[in-house]
Each structure stands twice: as C-alpha cells, then as structure tokens.
Amino acid sequence: MTVFEELEKRGLIAQMTHPEVIKEKLEKEHVTFYIGFDATADSLHVGHFLQMIVMSHLQRAGHRPIVLLGTGTTMVGDPTGKTDMRQMLTEAQIDHNAECFRRQMSHFLDFSDDKAIILRNGDWLKPLNYITFLREVGVHFSVNKMLAAECFKTRLENGLSFIEFNYMLMQSYDFLYLYQHEGCQMQLGGNDQWANIIGGIELIRKVTTEEAYGMTFTLLTTKEGKKMGKTENGAVWLDGQKTSPYDFFQYWRNIADDDVINCLKMITFVPLAEIEAMAHWKGSELNTAKERLAFELTKLVHGEEEAQKALEAAQALFGTGADSENMPTTQILDDDFMDGKLAVTDLLVKTGLAPSKGEARRLIQQGGIAIDDHKVSDIGANVTKADFKEGQMIVKKGKKIFHKATL
RNA sequence: GGGAGUGUUCCCGAGCGGCCAAAGGGGGCAGACUGUAAAUCUGUUGUCUGACGACUACGGUGGUUCGAAUCCACCCGCUCCCA
Numbered sequence: 135m136t137v138f139e140e141l142e143k144r145g146l147i148a149q150m151t152h153p154e155v156i157k158e159k160l161e162k163e164h165v166t167f168y169i170g171f172d173a174t175a176d177s178l179h180v181g182h183f184l185q186m187i188v189m190s191h192l193q194r195a196g197h198r199p200i201v202l203l204g205t206g207t208t209m210v211g212d213p214t215g216k217t218d219m220r221q222m223l224t225e226a227q228i229d230h231n232a233e234c235f236r237r238q239m240s241h242f243l244d245f246s247d248d249k250a251i252i253l254r255n256g257d258w259l260k261p262l263n264y265i266t267f268l269r270e271v272g273v274h275f276s277v278n279k280m281l282a283a284e285c286f287k288t289r290l291e292n293g294l295s296f297i298e299f300n301y302m303l304m305q306s307y308d309f310l311y312l313y314q315h316e317g318c319q320m321q322l323g324g325n326d327q328w329a330n331i332i333g334g335i336e337l338i339r340k341v342t343t344e345e346a347y348g349m350t351f352t353l354l355t356t357k358e359g360k361k362m363g364k365t366e367n368g369a370v371w372l373d374g375q376k377t378s379p380y381d382f383f384q385y386w387r388n389i390a391d392d393d394v395i396n397c398l399k400m401i402t403f404v405p406l407a408e409i410e411a412m413a414h415w416k417g418s419e420l421n422t423a424k425e426r427l428a429f430e431l432t433k434l435v436h437g438e439e440e441a442q443k444a445l446e447a448a449q450a451l452f453g454t455g456a457d458s459e460n461m462p463t464t465q466i467l468d469d470d471f472m473d474g475k476l477a478v479t480d481l482l483v484k485t486g487l488a489p490s491k492g493e494a495r496r497l498i499q500q501g502g503i504a505i506d507d508h509k510v511s512d513i514g515a516n517v518t519k520a521d522f523k524e525g526q527m528i529v530k531k532g533k534k535i536f537h538k539a540t541l
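Anchor point for the first sequence: position 388 equals 522 in my numbering, and the numbering is continuous, going up by one each time.
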C-alpha cells in the first residue's frame, strides 16, 4: 500500500489541489513538504496530533517534512476559526515556545541528516520591508477574493483587524519562500487552512509561473463535532509536566464509543487490518479498543515505559483495586498538620483535587470523596499521620480520579 | 469626524436603586444508572466559615445616594448607521 492510499484509507485526506498529480508524486518522488505551526503555547497539544502523524507517515515513505514554526506569523495571529482576536505574544515567549515544540516533535519525526528540518518564518518575515512586501506580494492578492473566503466570513461579522487580515499574505509568502529556497513543493495543513494554502499556491504561480501543491487533512473532531483534545480544564498537552502520562492515557481511555475507531485510524499507526477487526466490536467490547488507543498514543508521546506504567496503573485502579505505583502524588509536609491533624478539606486543596475549600466541602457533602476506599461523609473530618498506612493514602475523587498523598 | 447601541459571574444571556453572589441556558463537578462509554435523572457551581455571617465581584475611574450591576460624568473596548 502506498502512503497515499494509507492516508486515504485512514480518512486523513480532506482536500487536494491536484489529486492525480499529488498521488503520483508521493509514489514516485521524494517530496519536500511543509506544515506550519503557531507557537502560541509552550507545548504541543492533542490538536497538533494529526499534523504530526501525517508528517510521520510521509517521512517514513521517504518524503521530507519541513516543520515551519510561526515565529513571525504568531505575532500577527491567524484569524481562521477564531472568534476573538488573538492575544499578542512577546518575542521571548515565542522563542521559548518554539524551542519546546522542537523537543516534543523529535518523538514523531527523525531530524537526523536533514531528513526533516525545522525552520522559523520569523527569520524571513521579520526583515521584510513593508513597501517591498506590498509591491512584491501584496499586488497579487485581490481583496474581494479574500473577503469571499469562508475563513473570513465569521470574522467579518464581528470585526477583523487589519493585522489579522494580513495573515493570509504572510502564510502565502512563507510557501513562496520555502518553494524558492528549500525546494518545498507542497503544503499540508488542517482543512481550515485550505484558503491559506491556496493563497500560497496562487502566489507561487503568479511569481514563478510554476505549480505547487496543497493537501489538507480532516479535522479531528468528536462525533458531536467538537474539537478533540479539549477538556474543560484546557487542552490535553503532550508535555508530561502539563498533562501527566496517566492523565493523558485516561483522556483517551475515556473517549466516547463513537470516536474510538476513528481515532485509531487517524492518529495511531495501528495497522488498518487490525482496526477493521475492532470496528465490528460493540458495547463494552470497545473498552479493549479504547485501551489500545490510549496505550498506543501514550507510547507515541511518552514512550513505551510510561505507557506501560499508565496502563498498569489504570488496570489496577479500575480492576482489582489500589495499586498506587504510578498515581499522581502529593507529599504532605509536617507543617501541614495542625496539632497532628489535617482537615480533609485542606488535604483536597493541597492535592489539587479541589480548587477551593468551598468546592472541597461540596465534594464531601455530595459523597464524592473517599480515602483508602472509605467514603468521607463529614465535612469536618480530619486525617492524622496514623491514617497514612505505610506513609501513604489514596484519595479518590469521584469515580475516576485517584491521587496519592504521602508523608 | 457625527449619530445609535453595547460591555454582567467559565461561556451565552436576563437583570426593577434596596428582596442580587445576580433569572435562564450551556459547560463543569458530584450522586444514581452503567462498560473508566453515551443518553437520562438528581444535586451543585465566587472566596473564607461547621453554621450565623463576612468579604470580593457586574469594562475603568470618579460622582449622586442611607444604599448602585442598576442613575450621572469622563475614559477604554466592541457593534451598527452616516461621512
């Protein structure tokens, strides 16, 4: 099976500028392609998964990915799909973020021997001269046409600032730059990037009279149409400090039935034949598929060892009972005890299980807290050092959240 | 530049000068039911307090008033109409 077929069968491809040509190129040539990333946070999150996976697929097939960090464009902000104007970031923040991205990406891509490279568009965007840019790039864009683009529609209703309006020009210029300097023939991106990609292709055509190519992939959404990887506490991060491997594992383990197969196809490397088999599973059988999904993804991001730990921790917790090996842990200090006692409400706040004491009280009142498998029913309950069996106790919030407190 | 609006708690959105920590919805959290799923039902959802209550909040700054999210002035942001 060719990469192209693989991508297609996994349902990753949304749109292409030249389906036949692209298919043939991917089969017979070594294509240099790029995907742009905004460096708005200091870690990649689940929303970036698709990009990484697609790049990885293509790299394995002998193509050369360019990761373009938007160190320049981030200062402008992509208006696509945004309701509000993006917060401005300082250069120092952007540089820091870019560095973090680079580290995390090395899990997915092989950067040795220039098999993949990382570039920063700030390197060529920042030195640009306004007049020159307008004359060389700006002339090729029709405002009428841009306004008609789907991605500006919602923003047109709420207001779109000039700086954001220019984002498309900058991204198009990136493509032109990479085309001319890095031999980059193709740009990929989420389907929401279609208009921006087309912009680059047209710019290349007008400037060089040559043809470049574009392909977008399906956005990873839940069956309900929501973006994957957003929890109410924010994004699910790939950085183990921001989202622990266990939490990361649990995020996928708890995914909706309807979404498992799709996720396996789109963002794991599990062979299609295996996935096909799972697609027939129903009801609780799907739990096995979810476990697989969670394991594969955790392995991809945090390595096999961490994935194994997370899996075992989860199985122990939800199966036979407490095994506290790999649970998130908080150390309780001597100073935390008053007269040898520590209020459970304070304990909950200290472990981060409750954001405030009021919330902690509520949790107890509603029967959501258990310590070492005993439900806590009294708001005023205390724990003493003696309650820490062998120096630790397991605090359980709700049904799924476990936390270990140690002395 | 002129005119008309508008800014409320995580989000949307209601809000009479006191009865407003603020309706309603969404979301979140917890409970029941389950398969660590979905749907459904129940409770809950500013901080501190065991509780009474105290404190901080309605774009910002001042003011009127015994008392302001609600009235006034100025400022800032956004939307719309005219230029």
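Positions of the beta carbon are idealized from the N, C-alpha and C atoms, including for glycine.
For glutamine 499, the closest of Gln384, Gln526, Phe296 and Val510 by C-alpha to C-alpha distance is Val510.
In this structure, the CA atom of phenylalanine 138 is about 36 Å from the CA atom of glutamate 446.
In the DSSP assignment, glycine 170 falls within the beta strand (DSSP E) that extends over 166 to 171.
Burial check for threonine 342: the Cβ neighbour count within 10 Å stays below 16, so the residue is exposed. For alanine 448, the closest alpha carbon among the candidates His537, Leu337 and Glu161 is that of His537.
When DSSP states are grouped into helix, strand and coil, leucine 372 belongs to the coil group. Here glycine 348 carries a strand assignment [DSSP, helix/strand/coil]. Annotation: the continuous alpha helix (DSSP H) that includes isoleucine 395 extends over 391 to 401. Relative to the Cα of threonine 352, the nearest Cα in the group Lys157, Ala148 and Val435 belongs to Ala148.
Distance from the CA of threonine 355 to the CA of leucine 434, rounded to the nearest whole angstrom, comes to 20 Å. Only buried fits glutamine 384, as 16 or more other CB atoms lie within 10 angstroms of its CB.
Non-local C-beta neighbours of isoleucine 401 in its own chain, meaning closer than 6 Å and more than five positions away in sequence, comprise Phe183 and Ile187, ordered along the chain.
Taking 8 Å as the cut-off, the Cβ atoms of glycine 334 and leucine 310 count as close. Of all alpha-carbon atoms in Phe403, Leu202, Glu336 and Lys475, the one lying nearest the alpha-carbon of threonine 166 is that of Leu202.
Runs of the beta strand (DSSP E) lying entirely within the region 248 to 300, each at least 3 residues long, are 251 to 254 in chain order.
Sequence-distant Cβ neighbours of threonine 518 in its own chain, meaning closer than 8 Å and more than five residues away, are Phe471, Gly474, Lys475 and Leu476. Within the same chain, Cβ atoms closer than 6 Å to the Cβ of aspartate 172 are found at Gly204 and Thr208, the five residues on either side in sequence being excluded.
The continuous stretches of beta strand (DSSP E) do not include leucine 481, which lies in the alpha helix (DSSP H) extending over residues 478 to 484. The C-beta distance from aspartate 308 to histidine 230 rounds to 21 Å, too long to meet the 8 Å contact threshold. Listed in chain order, the non-local C-beta contacts of lysine 159 below 7 Å within the same chain comprise Val165, local neighbours out to five positions each way being set aside. Under the criterion of beta carbons closer than 8 Å, isoleucine 331 and glutamine 321 qualify as touching, at roughly 5 Å. Less than 8 Å divides the Cβ of leucine 481 from the Cβ of valine 529.
Annotated as proximal: leucine 372 and glutamine 238, with beta-carbon spacing under 8 Å. Counting along the chain, the unbroken beta strand (DSSP E) around valine 517 starts and ends at 516 to 518. Inclusion of alanine 250 and glutamine 185 in the CB contact set at 8 Å is not warranted, their separation being larger than that value. The continuous beta strand (DSSP E) containing alanine 504 extends over residues 503 to 505. In the three-state reduction of the DSSP assignment, alanine 226 falls in the helix class. Looking at the DSSP output, valine 201 bridges to Ile169 and Ile252.
Taking C-beta atoms as the reference points, isoleucine 409 and lysine 424 fail to come closer than 8 Å.
The Cβ-Cβ distance between aspartate 391 and leucine 420 falls below 8 Å. Here threonine 343 carries a coil assignment [DSSP, helix/strand/coil]. The shortest CA-to-CA distance from threonine 174 to any of Gln227, Ile156 and Glu142 is the one to Gln227. A distance below 7 Å between beta-carbons, with the five flanking residues on each side excluded, links alanine 232 to the following residues of its chain, in chain order: Ala173, Leu203, Thr205 and Arg254.
With contacts defined by Cβ atoms closer than 8 Å, isoleucine 466 and alanine 539 form a contacting pair.
A distance below 6 Å between beta-carbons, with the five flanking residues on each side excluded, links aspartate 468 to no residue of its chain.
Sixteen is the threshold: when 16 or more other Cβ atoms of the shown chains lie within 10 Å of the Cβ of serine 306, as they do, the residue is buried.
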